[in-house]
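Numbering (our numbering), first residue to last: 165 to 461.
Read through the structure below, which is laid out as structure tokens, and then see the notes.
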């Protein structure tokens with residue numbers, strides 16, 4: 165007989181406050197490998213969510229020239245790295261890039277599209293030797309196929325945010341809808357990948373393979389395109405807070421659990437005002453500041 169999965173009594177924490185004399189570098193630098201010609205909205209949502217979640221500086225690595233034009237209008241506070249003339253971003257190039265920068269978190273995968281270049285980029289990031297906390301979502305997860313153990317090659321902490329379909333591909337089996345079985349699937353995926361897993365859906369499960377947190381915020385109105393991109397952006401900002409002095413009391417697991425909780429809470433606040441049927445992903449960003457204040461209070 166299978167043993168029951170027991171959830172730890174974990175309570176999400178509010179992201180740590182900055183010191184009064186903090187500058188934007190202290191607030192966290194997030195580098196995003198997201199978006200493409202066909203999915204510029206993903207890059208916009210990730211960047212804006214990271215900014216609203218408190219990141220001091222969000223940088224978008226652009227592999228498609230169209231992103232330079234579209235995202236700069238929707239998220240004018242972001243800055244850019246131009247990879248538009250690069251056919252493939254090689255691991256040596258990325259290793260040199262990461263050594264020359266002072267990023268505190270990386271976000272990889274949202275809207276990259278399914279192509280050889282995206283798969284090569286994911287492989288290069290994982291093999292780059294970087295130790296910066298990494299969020300992998302969407303096409304970043306799809307590039308792994310059915311081999312989540314490939315994430316173990318990354319030198320730093322990894323958080324993955326699969327929906328049930330992506331988790332099924334990674335595990336090679338279906339992910340049931342029952343809460344306890346979902347928790348088992350998340351634990352299995354954490355064990356195979358070595359990553360912190362946020363298995364999205366009703367009662368999102370967050371686990372590092374030891375502690376299991378089952379989230380109680382969120383609603384069906386959040387079942388809309390782009391909601392996962394918003395979560396990835398929040399996670400990037402919260403993982404960036406693990407750097408420096410803030411990291412002594414704020415772990416990657418804290419960042420993941422709190423990002424999931426606040427993301428759902430923003431959805432609940434938006435749905436209360438707009439109705440579930442009227443909710444779109446950008447509404448989550450609009451309500452994110454209020455959700456963060458509510459968690460802190």
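Beta carbons are placed, not taken as given, at the ideal position from N, Cα and C, and that holds for glycine.
Please list, in chain order, all residues of the same chain as residue i whose beta carbon is under 6 Å from its beta carbon, the five residues on each side excluded.
| i | result |
| --- | --- |
| residue 381 | 425, 428, 429 and 432 |
| residue 286 | 304 and 307 |
| residue 295 | 319 and 320 |
| residue 238 | 208 |
| residue 206 | 198, 199, 274, 275 and 393 |
| residue 176 | 421, 422 and 425 |
| residue 242 | 211, 222 and 224 |
| residue 214 | 194, 222, 397, 400 and 401 |
Can you tell me the Cα-Cα spacing of residue i and residue j, whole angstroms?
| i | j | result |
| --- | --- | --- |
| residue 356 | residue 221 | 33 Å |
| residue 166 | residue 383 | Summary for residue 166: the model assigns pLDDT 47, below 50, so the residue's position carries little reliability, and this model does not support an answer. |
| residue 310 | residue 336 | 6 Å |
| residue 443 | residue 385 | 6 Å |
| residue 264 | residue 404 | 17 Å |
| residue 396 | residue 204 | 15 Å |
| residue 182 | residue 226 | 30 Å |
| residue 461 | residue 235 | 33 Å |
| residue 190 | residue 288 | 28 Å |
| residue 261 | residue 188 | 20 Å |
| residue 333 | residue 314 | 14 Å |
| residue 245 | residue 224 | 6 Å |
| residue 210 | residue 398 | 8 Å |
| residue 201 | residue 280 | 15 Å |
| residue 338 | residue 453 | 36 Å |
| residue 341 | residue 184 | 45 Å |
| residue 434 | residue 450 | 8 Å |
| residue 212 | residue 282 | 22 Å |
| residue 278 | residue 199 | 11 Å |
| residue 173 | residue 379 | 11 Å |
| residue 179 | residue 402 | 7 Å |
| residue 192 | residue 258 | 20 Å |
| residue 248 | residue 446 | 27 Å |
| residue 458 | residue 268 | 26 Å |
| residue 448 | residue 284 | 32 Å |
| residue 126 | residue 436 | The question about residue 126 has no answer, for the chain in this structure spans 165 to 461. |
| residue 414 | residue 406 | 6 Å |
| residue 362 | residue 312 | 14 Å |
| residue 186 | residue 358 | 33 Å |
| residue 266 | residue 253 | 19 Å |
Considering only residues of the same chain and omitting the five flanking positions on each side of residue i, which have a CB-CB separation below 8 Å?
| i | result |
| --- | --- |
| residue 392 | 274, 301, 302, 325, 327 and 364 |
| residue 360 | 321, 322, 323, 324, 354, 370, 371, 372, 416, 417 and 420 |
| residue 270 | 194, 195, 196, 197, 289, 294, 296, 297, 298, 299 and 400 |
| residue 441 | 385 |
| residue 390 | 205, 206, 209, 444, 445 and 446 |
Let me know the secondary structure DSSP gives residue i once reduced to three states.
| i | result |
| --- | --- |
| residue 193 | strand |
| residue 232 | helix |
| residue 247 | coil |
| residue 221 | strand |
| residue 269 | strand |
| residue 253 | coil |
| residue 415 | coil |
| residue 208 | helix |
| residue 168 | Any reading at residue 168 is ruled out, since the residue's pLDDT is 47, under 50, leaving its predicted position unreliable. |
| residue 298 | strand |
| residue 444 | coil |
| residue 376 | strand |
| residue 178 | coil |
Check whether the Cβ of residue i lies closer than 7 Å to any heavy atom of the ligand ADP, and answer yes or no.
| i | result |
| --- | --- |
| residue 331 | Absent from the structure shown: the ligand ADP. Ligands present: none. |
Whose C-beta lies closer than 7 Å to the C-beta of residue i among residues of the same chain, with five residues either side of it excluded?
| i | result |
| --- | --- |
| residue 343 | 367 and 378 |
| residue 455 | 426, 429, 430 and 433 |
| residue 388 | 443, 444 and 445 |
| residue 216 | 449, 452 and 453 |
| residue 438 | 447 |
From the beta carbon of residue i, is the nearest beta carbon of chain C less than 8 Å away?
| i | result |
| --- | --- |
| residue 195 | As a matter of chain content, chain C is missing from the structure shown, which is built from one protein chain. |
* To do: State whether the segment 317 to 334 contacts the segment 347 to 355, with contact taken as three or more CB pairs (one from each stretch) at a distance under 8 Å.
  => yes
* **Residue ranges of each alpha helix (DSSP H) within the segment 300 to 369, 4 or longer** => 303 to 306, 328 to 335 and 343 to 357
* Quick one: any contact between the segment 366 to 378 and the segment 218 to 235, if contact means 3 or more CB pairs under 8 Å? -> no
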